[in-house]
Amino acid sequence: MLDKERVLSKIDELDSYLNELKEVVLARFAEYQKIEKKRSCERLLQLCIESVIDICKLFVSGLALGLPSEENDLFNKMRKKRIISE
Numbered sequence: 002m003l004d005k006e007r008v009l010s011k012i013d014e015l016d017s018y019l020n021e022l023k024e025v026v027l028a029r030f031a032e033y034q035k036i037e038k039k040r041s042c043e044r045l046l047q048l049c050i051e052s053v054i055d056i057c058k059l060f061v062s063g064l065a066l067g068l069p070s071e072e073n074d075l076f077n078k079m080r081k082k083r084i085i086s087e
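For the sequence shown, my numbering begins at 2 and goes up steadily by one.
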């Protein structure tokens with residue numbers, strides 16, 4: 002059974018990271034080259050990706066789509082069941 006509360010919590014977490022990223026994004030690439038801005042953007046992107054993977058894990062587990070062999074397999078399982086598009 003899909004744990005809707007955990008999925009919604011992870012979506013809120015992802016939304017929070019995306020809002021932080023919007024605050025850090027700079028208008029010019031030259032500003033991005035500053036190491037602290039670059040690392041901040043990289044870390045927030047990493048957290049966003051981890052949140053998406055966590056959400057996919059909840060769907061695959063909750064809908065009993067089988068055991069994924071690796072993280073990419075999460076997306077394949079969801080695509081095959083038409084939960085997400087390619």
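Where a beta carbon is used, it is the ideal one built from N, C-alpha and C, also for glycine.
From a predicted model like this one, the values you see are computed outputs, not experimental measurements.
Handout entry: Spatial neighbours of Val61 in its chain, beta-carbon cut-off 8 Å, leaving aside the 5 residues before and after
Key = Locating residue 61 in the sequence shown gives position 60, where the first residue counts as 1. Answer for Val61: Gly67, Pro69, Leu75, Lys78 and Met79, listed in chain order.
Handout entry: Cβ neighbour criterion (16 or more within 10 Å) applied to Leu45
Key = The sequence position of residue 45 within the sequence shown is 44, counting from 1. It counts as buried.
Exercise for the section: Please name the residue, chosen from Glu21, Arg83, Lys81 and Leu27, that lies closest to Gln47 on a Cα-to-Cα basis. Expected result: As a first step, residue 47 must be located in the sequence shown, where it is residue number 46. Comparing Cα-Cα distances from Gln47 to each of Glu21, Arg83, Lys81 and Leu27, the minimum goes to Glu21.
Problem - Test item: CB-CB of Leu27 and Lys38 under 8 Å - result: Within the sequence shown, numbered from 1, the residue matching residue 27 stands at position 26. Within the sequence shown, numbered from 1, the residue matching residue 38 stands at position 37. Contact flag set, yes.
Problem - Ala28, DSSP secondary structure in three states - result: Within the sequence shown, numbered from 1, the residue matching residue 28 stands at position 27. DSSP places Ala28 in coil when its eight states are reduced to three.
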